[in-house]
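Using our numbering, the first residue of the sequence shown is number 200, and each one after it goes up by one. Ideal placement from N, C-alpha and C gives every residue a C-beta, glycine not left out. Comments concern the structure below.
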Amino acid sequence: LFAPHLIPNLPSRLREFHEVNASLSPCHLSHLRWMMQKDLILGQDFLLLGSPSLARDRRHLMLLYASLMGREIEWVSITRDTSEADLKQRKEVSNNGTRYVNQAPVR
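In structure tokens form, the structure reads like this:
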């Protein structure tokens with residue numbers, strides 16, 4: 200059996216949803232609601248973009264969402280040097296030779 204291992208845990212100070220609700224700003228609650236609508240109602244993927252100075256806020260929201268929904272996550276960092284090929288496959292070299300491994304966006 201496959202057991203998910205990339206599901207983050209809620210912070211220890213947050214035990215119930217009402218505690219999560221009270222701990223977030225209205226803006227963050229709005230983003231969390233949008234994420235739930237995209238995922239649960241529309242069945243669509245979503246992408247959080249923004250300035251590097253707000254990366255910690257986006258990461259916090261994503262980890263919170265994943266822990267509330269029991270979802271696995273994979274973090275993909277994109278910089279100006281990231282190419283389309285980097286997002287699709289990675290070349291791995293080992294003693295047995297070279298192989299290409301699909302990355303998170305195409306799995």
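In or out: Met268 buried (at least 16 other Cβ within 10 Å) or exposed? Start at 1 with the first residue of the sequence shown, and residue 268 comes out as number 69. Per the 10 Å Cβ criterion, exposed.
Taking the alpha helix (DSSP H) that Ser229 falls in, what are its first and last residues? Translated into positions along the sequence shown, residue 229 becomes position 30. Unbroken alpha helix (DSSP H) run through Ser229: 225 to 235.
Return the residue from the list Arg257, Asp244, Ser250 that minimises the CA-CA distance to Ala229. Reading the sequence shown from its first residue, position 30 is the one you call residue 229. Residue identity check: residue 229 is Ser in the sequence provided, not Ala. Of the listed residues, the one whose Cα sits closest to Ser229 is Arg257.
Tell me the rounded alpha-carbon separation between Gln288 and Cys226. Position 89 of the sequence shown, counted from the start, is the residue given in the question as residue 288. Position 27 of the sequence shown, counted from the start, is the residue given in the question as residue 226. C-alpha of Gln288 to C-alpha of Cys226: approximately 35 angstroms in a straight line.
Looking at the unbroken beta strand (DSSP E) that takes in Glu273, where does it start and where does it end? The residue you call residue 273 lines up with position 74 of the sequence shown. Taken as a continuous stretch (DSSP letters only), Glu273 belongs to no beta strand (DSSP E), as it is neither H nor E.
Going by C-alpha distance, which of Asp280, Lys290, Met235 is nearest Leu369? Residue 369 falls outside the range modelled here, since the chain spans only 200 to 306, and no answer is possible.
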